[in-house]
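> Numbering (our numbering), first residue to last: -4 to 456. In this text, a Cβ means the ideal position worked out from N, Cα and C, and glycines have one as well. As the structure is a prediction and not an experimental result, all values here were calculated from the model.
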Amino acid sequence: MSGELVLTDCLLSQAAERHPGSVAACGPDIGSVDYHSLHTRVSLRAKDLQQQGLRPQTWVVLQASTDLQTLIDLLAVARAGAWAVPINSRLPPAYLEQTLIAAQLHHFSLVPGQSLTPMPSSSTAAPHLKENFAADEPWSGILTSGSSGIPKLAVHSHENLVRSAQGANTLAPLDHMDRYLLSLPLYHVSGLAIVFRCMLAGAAMIFGEQAQDGDFLSAWQVTHLSLVETQLRRLLQAPRLPSTLSQLLIGGGPADPQLLQQAADRGLSCWMSYGLTEMTAQVWTRDPQGKGHLLPHRELCLADSGEILVRGQTLFLGYWRGQSLDPARDADGWFHTGDLGRWENGELCVVGRADNQFISGGENIQPESIERILKTHPDILEAIVVPYPDPVYGERPMAFVTSNNPIATEQLQAWLGTQLPSFMLPLAFLPMPEQTGIKPRRRELQLLALQALPYQDPNSP
């Protein structure tokens, strides 16, 4: 390993120079690819895209899967000087079209390994591949989760992604001998964070997506794993866990403390993270001993209202609107997350989303507080609570759950009644539909609740 990290220089190029023979990617379908070879393949693909007419500062919507070709194309678009928007290939076309129209995104489309569509009008090759990225220059765009509506396009710079990786690797070390399962999608900022953490350290990315399969993790000697709570719950059902697994990063929302204790009892070190797309993933992370840390290159404070405010070198460039960026910062440079939090003995406690809160009979209800209790039930894997219209109370909680076994509504209400006040008890429990993405789209679940139990207005004729 030689040379100091240069923030503006392409991180893959630096990884290929510092760790040329280290494994960059491996898995059952791809064998083993070192950093020198990955760099070569990305460069060739970037030149191919340039020869097709791709020009700098052009958006490319990439149909993303969690595979090596998607990674190559994602990195190649950037080397060609263009800006990639990796998207979930399972999104309904109509929904995707609506999203891109809302972002006013003029773009080309790309299926990994194939040609651009529509073909650019010019096929004159660009003079060279891009090696340097300015701090205020877009590198990629990520569609935010859109829990309450149409997603926004959050734009990150190369420096955002590198600084995010630096902070994460400082707190939870990663080196060139480690193997990190690419367990989260490349269209999510947490998936990109894994890629940049590995390139920064010269670590291997393991392809296969089998985060809950203990045998797979053992066979590929996985050392690092990023999971959401549901994935962790399923992993702990495996009869055998790999001895190589040293670090688990848990995100996507608060996890059940009993579940974390189960993981600790099986020798797993869990790091709990609070992060968001706009801050390029992690902001605040609690180590396995329960101590919270604000990661380097980030700042965080609470407004008088309890809203979490963030800023720093990992804060995104802004939201893409038409032909320009909306920085989405206040006069002091703070981004208002919409998340509510409080300090407890110096530790950050994230309460939930301010826009998820609703009122039932004059009482404020934060759905996440009901969800946390529901997920402690031994048969419940997932739980999301949404408001449902009520002629007397205004709105009442309605729960969607994924469970191991059928549970009667009355039985669940009785169980919850020992832990929650009556106004927080869900009216009914509906089966959780399959949803794309890591975070739930609550607005869709509200509509499903109305379809399942149509609301009857008492004043209607």
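(1) Is the beta carbon of LEU420 less than 7 Å from the beta carbon of LEU411?
(2) ALA73 to HIS153, Cα distance in whole Å?
(3) At a cut of 8 Å, does the region 91 to 107 reach the region 123 to 135 through at least three beta carbon pairs?
(4) Rounding to the nearest angstrom, what Cα-Cα distance links PRO88 and PRO107 in this structure?
(5) Here's a check: name, in chain order, each residue in its chain whose Cβ is nearer than 6 Å to the Cβ of VAL55, leaving out the five neighbours to either side.
(6) Helix, strand or coil for TYR269 per DSSP?
(7) Give me the residue from ASN83, ARG40, LEU0 and THR53 with the minimum Cα distance to TRP315.
(8) Would HIS463 and GLN205 be called neighbours here (beta carbons separated by less than 7 Å)?
(9) Expressed to the nearest angstrom, what Euclidean distance is found between the alpha-carbon atoms of GLN64 and GLU12?
(10) Could you check if HIS34 is buried or exposed, using at least 16 other CB atoms within 10 Å of its CB as the buried criterion?
(11) Do you know how far the Cα of GLN408 is from the Cα of ALA415?
(12) Within its chain, find whatever has a CB closer than 8 Å to the CB of VAL28; leave out the 5 residues flanking it on each side and keep chain order.
(13) Rank GLY186, THR309, GLY270 and LEU335 by C-alpha distance to the C-alpha of GLU302 and give the top, closest one.
(14) Any idea what DSSP makes of VAL5, helix, strand or coil?
(15) Mind checking whether ASN127 and THR3 have CB atoms under 7 Å apart?
(16) Going by C-alpha to C-alpha distance, which of GLY186, PHE353, THR239 and PHE211 sits closest to LEU69?
(17) Give the DSSP bridge partners of ALA199, in chain order.
(18) Can you find the residues in the same chain that come closer than 6 Å, C-beta to C-beta, to ILE137, ignoring five residues on each side of it along the sequence?
(19) Quick one, which of ALA250, GLN161, PHE311 and GLN308 has its alpha-carbon nearest ARG281's?
(20) Which residues bound the beta strand (DSSP E) around VAL387?
(21) Kindly identify the DSSP beta-bridge partner or partners of ASN359.
(22) Straight-line CA distance for PRO115 to LEU44?
(23) Along the beta strand (DSSP E) that carries LEU335, what are the first and last residues, could you check?
(24) Taking the C-alpha atoms as reference points, what is the distance between LEU440 and LEU236?
(25) Grab me the residues of GLY357's own chain with a C-beta within less than 7 Å of its C-beta, minus the 5 sequence neighbours each way, in chain order.
(26) Here's the rule: buried if 16 or more other CB atoms are within 10 angstroms of the residue's CB, otherwise exposed. What is TRP338?
(27) What's the call for HIS292, buried or exposed, on a 16-neighbour Cβ count within 10 Å?
(28) Going by DSSP in three states, GLY136 sits in which element: helix, strand or coil?
(29) Name the DSSP beta bridge partners of ASN164, please?
(30) Pick helix, strand or coil for ALA77, following the three-state DSSP scheme.
(31) Mapping DSSP to helix, strand and coil, what is MET274?
(32) Using the C-alpha atoms, what's the distance from LEU231 back to ARG261?
(33) Specify, as a first and last residue, the run of the alpha helix (DSSP H) that ASP43 falls within.
(34) Would you mind stating whether TYR182 and ASN83 have Cβ atoms separated by less than 7 Å?
(35) Could you tell me whether the Cβ atoms of THR275 and ASN155 are closer together than 7 Å?
(36) Around the C-beta of ASN400, are 16 or more other C-beta atoms found within 10 angstroms, so that it is buried, or is it exposed?
Taking the geometry as given:
(1) Taking the first residue of the sequence shown as position 1, residue 420 is located at position 425. Taking the first residue of the sequence shown as position 1, residue 411 is located at position 416. Against a cut-off of 7 Å, the Cβ pair of LEU411 and LEU420 comes out as a contact.
(2) Taking the sequence shown and counting its residues from 1, one reaches residue 73 at position 78. Taking the sequence shown and counting its residues from 1, one reaches residue 153 at position 158. Roughly 9 Å between the two C-alpha positions.
(3) Three or more beta-carbon pairs separated by less than 8 Å are not found between the region 91 to 107 and the region 123 to 135, which leaves the two stretches without contact.
(4) For the purposes of this step, residue 88 is taken as the residue at position 93 of the sequence shown. For the purposes of this step, residue 107 is taken as the residue at position 112 of the sequence shown. Approximately 17 Å, taken between the alpha carbons.
(5) The residue labelled residue 55 in the question sits at position 60 within the sequence shown. Close CB contacts of VAL55 within its chain, under the 6 Å cut and outside five residues either way in sequence, are with VAL72, ALA77, ALA79, PHE103 and LEU105 (chain order).
(6) For the purposes of this step, residue 269 is identified with residue 274 of the sequence shown, where counting begins at 1. For TYR269, the three-state secondary structure derived from DSSP is strand.
(7) Position 320 of the sequence shown, counting from 1, holds the residue named residue 315. Checking every option, the nearest Cα to that of TRP315 belongs to THR53.
(8) Past the edges of the chain, shown from -4 to 456, lies residue 463, and the structure says nothing about it.
(9) As a first step, residue 64 is located in the sequence shown; it is residue number 69 there, counting from the start. As a first step, residue 12 is located in the sequence shown; it is residue number 17 there, counting from the start. Rounded to the nearest angstrom, the gap between the Cα atoms of GLN64 and GLU12 is 22 Å.
(10) Your numbering for residue 34 matches position 39 in the sequence shown. HIS34 is buried by the Cβ-count criterion.
(11) Sequence index remark: in the sequence shown, residue 415 carries index 420 (1-based). Sequence index remark: in the sequence shown, residue 408 carries index 413 (1-based). First, the residue type needs correcting, since residue 415 is Leu and not Ala in the sequence shown. Cα atoms of LEU415 and GLN408: separation of roughly 10 Å, rounded to the nearest angstrom.
(12) Looking up residue 28 in the sequence shown gives position 33. Excluding residues within five positions, the ones whose Cβ falls inside 8 Å are VAL18, ALA19, ALA20, CYS21, ARG36 and LEU63.
(13) Position 307 of the sequence shown, counting from 1, holds the residue named residue 302. If we check each option's Cα against that of GLU302, LEU335 comes out closest.
(14) By one-based count along the sequence shown, residue 5 stands at place 10. Val is not the amino acid found at residue 5; the sequence shown has Cys there. Note: CYS5 maps to coil in three-state DSSP.
(15) The residue you call residue 127 lines up with position 132 of the sequence shown. The residue you call residue 3 lines up with position 8 of the sequence shown. For ASN127 and THR3, yes; Cβs fall inside 7 Å.
(16) On the sequence shown, position 74 is the one that residue 69 refers to. Of all alpha-carbon atoms in GLY186, PHE353, THR239 and PHE211, the one lying nearest the alpha-carbon of LEU69 is that of GLY186.
(17) Here residue 199 refers to the residue found at position 204 of the sequence shown. Under the DSSP definition of a beta bridge, ALA199 partners with ARG174.
(18) Position 142 of the sequence shown, counted from the first residue, corresponds to residue 137. Around ILE137: ALA149, VAL184 and THR272.
(19) For the purposes of this step, residue 281 is taken as residue 286 along the sequence shown, with counting starting at 1. Nearest C-alpha to ARG281 among ALA250, GLN161, PHE311 and GLN308: ALA250.
(20) Here residue 387 corresponds to residue number 392 of the sequence shown, with the count starting at 1. No beta strand (DSSP E) holds VAL387; DSSP gives it neither H nor E.
(21) Along the sequence shown, read from residue 1 onward, the residue named residue 359 stands at position 364. Within the DSSP bridge table, the entry for ASN359 names ILE354 as partners.
(22) Mapped onto the sequence shown, residue 115 falls at position 120. Mapped onto the sequence shown, residue 44 falls at position 49. So the alpha carbons of these two residues sit roughly 10 Å apart.
(23) In the sequence shown, residue 335 corresponds to position 340, counting from 1. Segment 330 to 339, the beta strand (DSSP E) holding LEU335.
(24) As a working note, residue 440 is residue 445 in the sequence shown. As a working note, residue 236 is residue 241 in the sequence shown. Separation of LEU440 and LEU236 (C-alpha to C-alpha, rounded to the nearest whole angstrom) is 35 Å.
(25) Residue mapping note: residue 357 aligns to position 362 of the sequence shown, counting from 1. Nothing meets the Cβ criterion.
(26) As a position in the sequence shown, residue 338 is number 343, starting the count at 1. TRP338 is exposed by the Cβ-count criterion.
(27) Reading the sequence shown from its first residue, position 297 is the one you call residue 292. The residue is buried, with at least 16 neighbouring Cβ atoms inside 10 Å.
(28) Numbered from its first residue, the sequence shown carries residue 136 at position 141. Three-state DSSP puts GLY136 in a strand.
(29) The count along the sequence shown starts at 1 and reaches residue 164 at position 169. ASN164 is not bridged to any residue.
(30) Counting from 1 along the sequence shown, the entry for residue 77 is found at position 82. In the structure shown, ALA77 sits in coil (DSSP, three-state: anything other than H, G, I, E or B).
(31) On the sequence shown, position 279 is the one that residue 274 refers to. Three-state DSSP puts MET274 in a helix.
(32) For this step, residue 261 is matched to residue 266 along the sequence shown. For this step, residue 231 is matched to residue 236 along the sequence shown. So the two alpha carbons sit approximately 8 Å from each other.
(33) Within the sequence shown, numbered from 1, the residue matching residue 43 stands at position 48. Its alpha helix (DSSP H) spans residues 30 to 46.
(34) Position 187 of the sequence shown holds residue 182. Position 88 of the sequence shown holds residue 83. Contact: yes.
(35) Here residue 275 refers to the residue found at position 280 when the sequence shown is read from its first residue. Here residue 155 refers to the residue found at position 160 when the sequence shown is read from its first residue. The answer is yes: Cβ separation under 7 Å.
(36) Taking the sequence shown and counting its residues from 1, the one referred to as residue 400 is at position 405. ASN400 should be labelled exposed.
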